[in-house]
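Here the structure comes first, spelled out in structure tokens, and everything after it is commentary.
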Amino acid sequence: MSKTRAWAIGLSIAGVVASLTACSSSEEQAPAAATDCENVLNRSVDDLPAWIEKPDPVTSGFRGANDNDPAWYSDLQISDEQVQQAKDKKFRAVFLDWAEAPYNNAIADGLKDTMGCLGGEVVSRTVSNFDLTKLSTDVNNVLPLKPDIAVIGVIDPDATQAALQPLVDAGVKVVTLIQATKGWTAGNQYVTEIDYDTKQAGKITANAVAKQFPDGAKLGYIYWDQDTPSINQREKAFIDTIRSVGNFDVIAQEPISDPGAVEPVASGLLARNPDVDVIFAPWDLPAQGVKAALAAAGKTDVKVIHYDLDPQAVTDMQTDGPVFGVTSSLVYEWGRTSALAGVVAALGGEVPPLLTVPTFAVTKDNVQEAWEIAYGPHLEFPSE
């Protein structure tokens, strides 16, 4: 067994733990008895395989949403004394999620496992589906559960502040994913921001396209047209890099604001640009719309690349379908690290203001190993 697979499987000997549900209940969410808590609570970026790039976060230039000094996720450690204190206090966490997908489920798994290993529980997972009004309602619904920690995916760093303020007012330790809320200070209104180097992610994606098309290609670029700096920055890095690495002609640029309504956009792109070779999509859900448009147009020779690893992309890579590659990160780690950060902060400890995880390209050559590294022990690798 490879070291990588042992690292992933070591989290759960049995490997059978139910996923969190998108509901607001106080039902206990402790991990299964087989969870390897020693593995969950002690991680190092140095244990990752050599093919994952690990640039020094301090010198990378990435500063997050609020211009903070970055540190690796594994720089955050919890002492044996803090573990015992956490077990005595039995902290309660809520996950204010933005979508339901394997990506989000892996975050929920990491959060659930780690809270359980620290004697606590996840008492609610809600799903806003990118709807700020729904998020505000979710916040009000979880407050009666008296959470100590709230983990939130911040999609709009400006508009989210008002929705999350009741949590801050209630003294809840808020851990942000993707980016932080603008105007807030780490260690004050929120604990920390957990993210990845967005520019590095964009460059990795562009380099994967250049490797797939060594002689260049005509590229269609479908991008996220909303104020989500983490996404905006990685897309800018992608398009800037693709224009510099080879003979690539960006023949179409199409904005989207609804990830579930991409098929008509992609169909229009194809109709206007029948000679397109490859299409970039912001992440897996928009990519599904692109694939639907390709199927409707009978286009079998156009390739797709996007962020975030999903089962459909895995199948495509294994069967030479439209998606030839994606860029992923340590998704389970987002949940694990957010639990640690919230607990350490709740105990009065110090947490770095910006915690980062590495990103990496996923292709047919490394797809199974990448899935295990990205998503942890609970999400089964999709079969062909």
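Each residue of the sequence shown is one higher than the one before, counting from 1014 in our numbering.
For every residue, glycine included, the Cβ atom is placed at its ideal position computed from N, Cα and C.
Just so we're clear, the structure is a prediction, and the values are computed from it rather than from any experiment.
Near Asp1240, which residues of its chain fall below 7 Å by C-beta distance, leaving aside the five closest residues on each side in sequence? By the criterion of a C-beta distance shorter than 7 Å, Asp1240 is surrounded in its chain by Asp1169 and Asp1171, once the five residues flanking it on both sides are discounted.
Exercise. Counting along the chain, where does the beta strand (DSSP E) carrying Gly1233 start and finish?
Worked result: In this chain, the beta strand (DSSP E) harbouring Gly1233 covers Ala1230 to Trp1237.
Checklist line | Beta-carbon gap between Leu1327 and Val1380 smaller than 8 Å | finding: The sequence as given places Val at residue 1327; Leu does not occur at that position. Yes, these two residues count as a Cβ contact at 8 Å.
- Task: For the stretch 1317–1364, list the beta strand (DSSP E) runs that are entirely contained and at least 3 residues long, ordered along the chain.
- Result: Contiguous beta strand (DSSP E) elements confined to the stretch 1317–1364 occur at 1336–1342, taking only those with 3 or more residues.
- Query: In whole angstroms, what separates the C-alpha of Tyr1236 from that of Pro1299?
  - Reply: In a straight line, the C-alpha of Tyr1236 is about 9 Å away from that of Pro1299.
Go ahead and pull the three-state DSSP assignment for Ser1037. Here Ser1037 scores only 40 on pLDDT, less than 50, and its place in the model is too uncertain to base an answer on.
query = Considering only the beta carbon of each residue, do Val1188 and Tyr1203 sit closer than 8 Å?
reply = Yes; because the gap between Cβ atoms is below 8 Å, this pair is in contact.
- request: Report yes if the CB atom of Ala1163 is closer than 8 Å to the CB atom of Val1107, and no otherwise.
  value: Taking C-beta atoms as the reference points, Ala1163 and Val1107 count as a pair closer than 8 Å.
Which parts of the stretch 1051–1137 are runs of the beta strand (DSSP E), unbroken and 3 residues or longer, counting only runs that do not cross its ends?
If one requires a minimum length of 3 residues, the beta strand (DSSP E) runs lying completely within the stretch 1051–1137 are 1083–1085 and 1105–1110, in chain order.
Inter-residue spacing [alpha-carbon to alpha-carbon] between Ala1387 and Ile1120:
Rounded to the nearest whole angstrom, the C-alpha separation of Ala1387 and Ile1120 is 10 Å.
*Nearest-angstrom Cα distance between Thr1048 and Gly1133?*
When rounded, the distance between both Cα atoms is 14 Å.
Inspect the beta-carbon positions of Val1155 and Leu1190 and report whether they are closer than 8 Å. Between Val1155 and Leu1190, the gap from beta carbon to beta carbon reaches 8 Å or more.
**Three-state class that DSSP yields for Gly1215 in the structure shown** = Of the three classes helix, strand and coil, the one that applies to Gly1215 here is helix, per DSSP.
Checklist line | Opening and closing residue of the alpha helix (DSSP H) in which Ile1168 lies | finding: Looking at the DSSP string, Ile1168 is not in any alpha helix (DSSP H), and its letter there is neither H nor E.
query = Does the Cβ-Cβ distance between Pro1268 and Asp1238 come in under 8 Å?
reply = In contact: Pro1268 and Asp1238 (Cβ atoms closer than 8 Å).
TODO: Note down, in chain order, each residue of its chain lying with its Cβ closer than 7 Å to the Cβ of Pro1160, except the 5 sequence neighbours on either side.
DONE: In the same chain as Pro1160, and ignoring 5 residues on each side of it, the C-beta atoms closer than 7 Å to its own belong to Arg1105, Ala1106, Val1107, Val1136 and Val1185, in chain order.
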